[in-house]
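Visitor: Numbering of the sequence shown is given in the numbering used here, commencing with residue 5 and proceeding in unit increments.
Where is the CB? At the ideal position from N, CA and C, for every residue including glycine.
Sending over a structure as C-alpha cells; questions will come in a sec.
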Amino acid sequence: MTNLTLLKLSIWLSYKHGTPLDGLRQELLLRALEGHKLKDIQVDGYSPSYIKRVIAPDLWKRIGRYCNQRVGIRSLSLALTTKYEQLSEAEKAAVEKILPNGMVAADKCQALTPGALRYRGIPKNKHAFYNQESLALTLTQWLQQGEKSLIFVLGGGGIGKTTLVSEVLRSHPILSPKTLWCNISERLTFADNFALIQQQWQLGDGNAGAIAQLQTYLKKQSQILVFDHWELLFARACLSGNYQPQHEIYLEFLEAIAKEPMAGTVVVISREHSPSLEALAAENPRVASLIVSGLSNLFAQQILQEYQLQDAELWADFVETYRGNPLKLRLIASGIQEWYGGSIAQFQNQETVIGGNTLRDILYNLTCHISNSEQEVLYWLMLWGKSITLEQLQSNYHLEMPFASEVWDAVRSLDRRFLLEKKDNQRPHFGLQPSIQRFLVQEFTRECCREITQAIANFPTLKFEYLKHYPLIPQGADPNIITSPVICPILKGIETYYRDPNQVEAHLKHLAQAVVPTISLRHDYSQSNLTLLYDTFVTYFL
5 MTNLTLLKLS IWLSYKHGTP LDGLRQELLL RALEGHKLKD IQVDGYSPSY
55 IKRVIAPDLW KRIGRYCNQR VGIRSLSLAL TTKYEQLSEA EKAAVEKILP
105 NGMVAADKCQ ALTPGALRYR GIPKNKHAFY NQESLALTLT QWLQQGEKSL
155 IFVLGGGGIG KTTLVSEVLR SHPILSPKTL WCNISERLTF ADNFALIQQQ
205 WQLGDGNAGA IAQLQTYLKK QSQILVFDHW ELLFARACLS GNYQPQHEIY
255 LEFLEAIAKE PMAGTVVVIS REHSPSLEAL AAENPRVASL IVSGLSNLFA
305 QQILQEYQLQ DAELWADFVE TYRGNPLKLR LIASGIQEWY GGSIAQFQNQ
355 ETVIGGNTLR DILYNLTCHI SNSEQEVLYW LMLWGKSITL EQLQSNYHLE
405 MPFASEVWDA VRSLDRRFLL EKKDNQRPHF GLQPSIQRFL VQEFTRECCR
455 EITQAIANFP TLKFEYLKHY PLIPQGADPN IITSPVICPI LKGIETYYRD
505 PNQVEAHLKH LAQAVVPTIS LRHDYSQSNL TLLYDTFVTY FL
C-alpha cells in the first residue's frame with residue numbers, strides 16, 4: 005500500500021464525513037505517512053508549535069473517526085491500510101480518482117505513484133544501540149556464514165527488532181551492499197514487493213512465477229532479503245498467525261525458501277509469531293529464530309540518562325515497570341522531561357504508567373485486532389491482578405468458553421503476540437506487563453462508567469456488556485476491595501460525573517435492585533457487580 009493511496013483514501017473519507025481535509029492537513033498527513041516525526045515536520049507559514057498542538061491532534065481525531073479507532077502518528081499507516089482493505093472494489097476505484105490538492109505539490113504526487121515509490125534502503129537508527137550484543141553476534145554469524153536460508157526476528161512492539169537487524173547490516177560493509185529491505189507497511193502486497201525486487205535485483209521478466217524466480221535467484225546469489233512488519237499480513241479478529249487470504253502467497257514463498265539450501269538469506273521481522281512460522285523452524289534445520297527481549301536494567305538506564313531524568317534511586321524500578329522496552333522508555337522519558345522537568349517522582353505521583361496518548365495509541369493497536377476470546381482472557385487477567393497458572397484460569401473461566409482447550413488456544417495466541425509475561429516456577433505462571441495491565445484497567449473502567457451512566461439516563465432500559473460478562477473480583481483473586489484494580493476507579497469516575505455522592509448512592513442502589521440476571525450458558529455478573537459497587541460506595545465513599 006503506497007503513501008499516495010493512503011493520502012487519497014484519507015481525502016475521500018474526509019469528503020464522505022463532510023469534513024474535507026485542507027491543504028495543510030494533507031501536507032501534514034503525507035509527511036507523517038513518509039515516517040517523519042512530528043517535531044521534524046515544518047510547513048512554510050505555520051509554526052511548529054501550532055502544527056504540533058492544534059493541527060496534528062485535530063488530524064489524528066479526524067482519521068480516527070474515519071477509521072473507527074483511536075489513531076496517532078505511529079498508527080496512521082496501519083489504521084488507513086486496514087480501512088482500505090474493507091472497501092469494495094468500486095470504492096477503491098473512487099479512491100484512486102482522488103487528486104490531492106492544496107499544499108501537496110503535483111511533482112510530489114507524481115513521485116509517489118505506485119510504480120515509482122522510492123526505495124528507502126536499510127533504515128537508519130535514530131537512537132543509540134544498547135545491550136543486544138549477543139543477539140547481534142548470532143545474527144551476524146548466521147548472515148556471514150550463509151548456513152541459514154530463513155531467519156525470523158521476533159519480539160514485542162517497540163522492543164528493537166528493526167534496530168537490531170539494521171544495526172547488524174549497516175555495521176558490516178560486506179552485508180550492507182547485499183541487502184534489499186522490503187517494508188510491508190509501505191508495500192503490502194506480494195506483487196508490489198516483487199516489483200521492487202525485480203527492479204533492484206534486475207531479475208527481468210521470465211516465464212517462471214514470482215516465487216520460482218526468487219527461489220532460483222537466491223539459490224545462486226548470496227543476497228539478503230529482509231521483510232519488515234510481517235505482522236501486517238495476518239488477519240484481524242482471530243487467533244494469531246492466520247494469514248489474510250490475499251497474503252497467503254507470502255507463506256508459500258517462505259515454504260519454498262525453507263525447504264532447499266540457499267546461497268542467500270531471507271530475514272522476516274515480526275511482532276507476532278504464528279503456528280506456521282513455528283512449524284517451519286521445527287521442520288527445517290536451515291530455518292532459525294531470534295527472540296528479542298527488553299534491555300537489561302543497566303543498559304536501559306542509559307536511555308534515562310539521555311533524557312536527563314532525575315531521581316536516580318527510582319530508575320531501576322522505573323525500567324522494570326516497562327520491562328526494558330526501549331520505545332516505551334523513550335516515550336515516557338520524553339513526556340517526563342517535557343511536563344515534569346525530568347522528575348520521575350512527580351510523574352509517579354500521577355499514579356499512571358502510560359503517561360501520554362502516543363503510548364496509549366501503541367497499546368491500543370497491540371490489543372484492538374485480537375480475537376474475542378483473547379480479549380476476554382486479557383480482561384480476566386487484568387481483573388485477577390497477579391500471575392496465574394493455566395489451570396487456575398481454566399477453572400475460573402470454564403463457563404465462558406465451550407471447551408477448556410479454547411482457553412489454552414487464546415493464551416497461546418496472546419503469547420505469540422508477546423502480550424503475556426511468563427514466569428517459570430514449579431508450575432508456569434503468566435500475567436500482564438504493567439503498561440498493558442494499566443491500559444486495560446483504564447479502558448475497562450471507562451467502559452463500565454459509560455455503561456452505568458447510560459443505564460441511569462435510559463432507565464428502565466438496562467444494557468450492560470462489561471459489567472455483565474466480567475466479575476469485578478474473580479473467584480480466587482485478592483478479595484480486598486481497596487486493592488482491586490477497577491472498583492475504586494469506577495466509583496471515582498461515577499462520582500466525578502454526578503458530583504453529588506447522595507445521588508450516586510441512590511442511582512447505584514436503584515440499578516442493583518432493578519437488574520434481573522438473564523438465563524444463559526454464560527455467567528451474568530451485572531447484579532453482583534452493581535451490588536458490590538453500591539456496598540463499596542456506601543462503606544468507603546460516603
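#1: For the structure I just gave you, are there three or more beta carbon pairs, one from the stretch 7-18 and one from the stretch 96-104, closer than 8 Å?
#2: May I have a chain-ordered list of the alpha helix (DSSP H) segments no shorter than 4 residues that lie completely inside the stretch 193-233?
#3: Between Q309 and S347, how many whole angstroms is the CB-CB distance? I'm expecting something under 8 Å.
#4: Could you please give me the residues that DSSP links to G435 through a beta bridge?
#5: Going straight from the alpha carbon of I126 to that of L184, what length do you get?
#6: By how many angstroms is the C-alpha of E425 removed from the C-alpha of I67?
#7: Counting only the same chain and skipping the five closest in sequence on each side, list residues whose C-beta sits under 6 Å from that of L331.
#8: So, at 7 Å on beta carbons, what are the nonlocal neighbours of E509 in its own chain, with the 5 sequence-adjacent residues on each side left out?
#9: Pull the bridge partners of A292 from the DSSP assignment, please.
#10: Say whether the stretch 403-418 touches the stretch 483-496, bearing in mind that this needs 3 or more beta-carbon pairs closer than 8 Å, one atom from each stretch.
#11: DSSP state of L168, grouped into three classes?
#12: Excluding the 5 residues preceding and the 5 following N369 in the sequence, name in chain order all residues of the same chain whose CB lies nearer than 7 Å to its CB.
#13: For E235 versus R275, is the C-beta distance shorter than 8 Å?
#14: Please state the DSSP three-state secondary structure of L184.
#15: With DSSP as the reference, identify every bridge partner of T371, one or two as the case may be.
#16: Of all the options I456, H527, I477 and S297, which has the alpha carbon lying nearest to the alpha carbon of V157?
#17: Could you tell me the distance, in whole angstroms, from the CA atom of A241 to the CA atom of T371?
#18: Looking at the secondary structure, which residues open and close the alpha helix (DSSP H) in which V99 lies?
#19: Select from P475, I228, T9 and Y254 the residue whose C-alpha is nearest the C-alpha of F448.
#20: If you draw a straight line from the alpha carbon of N353 to that of P489, how long is it in whole angstroms?
#21: From I498, E287, I295 and F351, pick the residue whose C-alpha is nearest to that of G160; which is it?
#22: When you compare each of L444, L32 and L37 to E190 by their alpha carbons, which one comes out closest?
#23: Residues in its own chain within less than 7 Å of Y383 by CB, not counting five upstream and five downstream?
#24: With C-beta atoms as the reference, is S293 less than 8 Å away from A283?
#25: Measuring only the C-alpha atoms, how far is D29 from R35?
#26: Ordered along the chain, which non-local residues of its own chain (more than five positions away) have a Cβ less than 7 Å from that of S440?
#27: Please name the residue or residues paired with V271 in a DSSP beta bridge.
#28: Just verifying my parser: in three-state terms, what is the DSSP assignment at L116?
Guide: So, from the data block:
#1: A contact between stretches requires three or more CB pairs, one per stretch, nearer than 8 Å, and the stretch 7-18 meets this requirement with the stretch 96-104.
#2: Listed in chain order, they are 194-205 and 214-224.
#3: Cβ atoms of Q309 and S347 stay farther apart than 8 Å, at about 15 Å.
#4: Answer is E425, bridged to G435.
#5: Roughly 7 Å separates the two Cα atoms.
#6: Using only the alpha carbons, I get a separation of about 33 Å.
#7: Excluding residues within five positions, the ones whose Cβ falls inside 6 Å are G162.
#8: Here the set comprises F541, V542 and L546.
#9: Answer is I155, bridged to A292.
#10: Proximity of the stretch 403-418 to the stretch 483-496 falls short of the contact definition, fewer than three beta-carbon pairs being nearer than 8 Å.
#11: Three-state result, L168: helix.
#12: Around N369, the same chain offers S79 and L82 as residues with beta carbons nearer than 7 Å, after the five sequence neighbours per side are excluded.
#13: In contact: E235 and R275 (Cβ atoms closer than 8 Å).
#14: DSSP places L184 in the strand class (E or B) of the three-state scheme.
#15: BP columns for T371 are empty, so no partner.
#16: Closest option to V157, Cα to Cα, is S297.
#17: Using only the alpha carbons, I get a separation of about 10 Å.
#18: Going by DSSP, V99 is part of the alpha helix (DSSP H) stretching over E93 to E100.
#19: The candidate whose alpha carbon is nearest that of F448 is P475.
#20: For N353 and P489, the distance between alpha carbons rounds to 17 Å.
#21: Nearest Cα to G160 within the set I498, E287, I295 and F351: I295.
#22: Comparing Cα positions, the closest option is L37.
#23: Excluding residues within five positions, the ones whose Cβ falls inside 7 Å are L444, F448 and Y474.
#24: No, these two residues do not count as a Cβ contact at 8 Å.
#25: Asp is not the amino acid found at residue 29; the sequence shown has Arg there. Going by the C-alpha atoms only, they are around 10 Å apart.
#26: The residue you asked about is not Ser; residue 440 is Ile in the sequence shown. In chain order, L367 and L423 place their CB closer than 7 Å to the CB of I440, counting only its own chain and leaving out the 5 sequence neighbours on each side.
#27: V271 is bridged to I155 and V230.
#28: Reliability fails at L116, whose pLDDT of 37 lies under 50, so the model's placement of it is uncertain and the value that follows must be treated cautiously. Coil at L116, not helix or strand.
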